[in-house]
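Input: a single structure, listed below in structure tokens.
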Amino acid sequence: MKGIDGKVALVTGAASGIGRATALRFAEEGAMVALSDVQVDAGEQVVREIESEGGDAAFFEADSSKESDVASLVDRAVSEFGGLDFAHNNAGIEGTPGPIAELSIEDFQRVIDINLTGVFLGLKYEIPRLVENGGGAIVNTSSVAGLTGGANLAHYYAAKHGVIGLTRSAALEVATENVRVNAVCPGVIETPMIERFTAGNDEARAGLVEDEPIGRLGKPEEIASAVVYLCSDDASFVTGHPMVVDGGYVVP
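My numbering puts the first residue of the sequence shown at 2, with every later residue one more than the last.
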């Protein structure tokens, strides 16, 4: 894709799933990649995968819900690679399912802290670096849950709706600074999160597939392609947009 080669990309939640696939895709397109996660061994393994293919990457342990971690992460990425052009704020958790009346405040807050506050913190510290670098692009991971409603995961739905609001606000704030901010809204994707959610239950998995009009679950690589596209020059007139990549889930 145009405009990716030789640039610097930061990906959070990069040890597995969509983050891992996005880091690999950025590297494949010629970007230098800074990866972060709380899963150190898995994150360093992704770096080794990138380097084995001749790419340039570095891993930095960081908790996206902690301001000091995020501020340090962005500084370290810039120090390592000399600047920052793209960011994918992707770290997220699903939380414990349950009706609102039974959710603990601790579980609700933890999901908000990682899935929503983590995106805010990413934007807060990434935007100034992109502006001082002459521009760039940021993609935040929302979800089809950010466009719909659903029972028993209110904390997750609330956070993902919030990501879209943050994305639109940020996009307008920096529209004249040559910085674009978009979101990607995945449907049900084959990731460790879905494995945890279904707990190996074939019936539960079949129910998820049944909800996808395309007749299958998505692949992390399909979301990665959308993220890298939104960062590329091919999407130079796209900002403030929640791009749905969901196999038709939200159409009916």
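In this text, a Cβ means the ideal position worked out from N, Cα and C, and glycines have one as well.
Residue environment analysis places residue 20 among the buried positions, since at least 16 neighbouring C-beta atoms fall within 10 angstroms of its C-beta.
Rounded to the nearest whole angstrom, the CA to CA distance from residue 142 to residue 103 is 27 Å. Distance from residue 52 to residue 58 at the Cβ level is roughly 6 Å; contact confirmed, criterion being Cβ atoms closer than 8 Å. Per DSSP, the continuous beta strand (DSSP E) segment holding residue 181 begins and ends at 180-187.
Taking C-beta atoms under 8 Å as the contact rule, residue 164 and residue 138 fail to qualify, at a distance of about 16 Å. Of the candidates 22, 75 and 67, 75 places its Cα closest to the Cα of residue 9. Cβ atoms of residue 29 and residue 85 stay farther apart than 8 Å, at about 19 Å. Spanning the alpha carbons of residue 151 and residue 67 requires a straight line of approximately 28 Å. Less than 7 Å divides the Cβ of residue 241 from the Cβ of residue 172. Taking a C-beta distance under 7 Å as the contact criterion, residue 188 and residue 219 qualify as a contact pair.
Residue 110 and residue 208 have their C-alpha atoms roughly 28 Å apart.
Look at residue 121 here: in three-state DSSP terms it is helix. Per DSSP, the continuous alpha helix (DSSP H) segment holding residue 221 begins and ends at 221-232. Beta-carbon to beta-carbon, residue 12 and residue 34 are separated by about 6 Å, close enough to satisfy the 8 Å threshold. For the pair residue 45 and residue 27, the CB atoms are not nearer than the 7 Å cut-off. According to the DSSP assignment, residue 38 belongs to the beta strand (DSSP E) that extends over 33-38.
The residue from 216, 232 and 239 with its alpha-carbon nearest to that of residue 250 is 216.
Bounds of the alpha helix (DSSP H) holding residue 106 are 106-113. Residue environment: residue 105 is assigned as exposed (fewer than 16 neighbouring CB atoms within 10 Å of its CB, all protein chains considered). Across the structure, residue 7 and residue 166 are spaced so that their CA atoms are roughly 31 Å apart. When secondary structure is reduced to three states using DSSP, residue 162 falls in the helix class. Exclusion of the five residues before and after residue 83 leaves 9 as the residues of its chain whose Cβ lies within less than 8 Å of its Cβ.
For residue 18, the enclosing alpha helix (DSSP H) begins and ends at 18-29.
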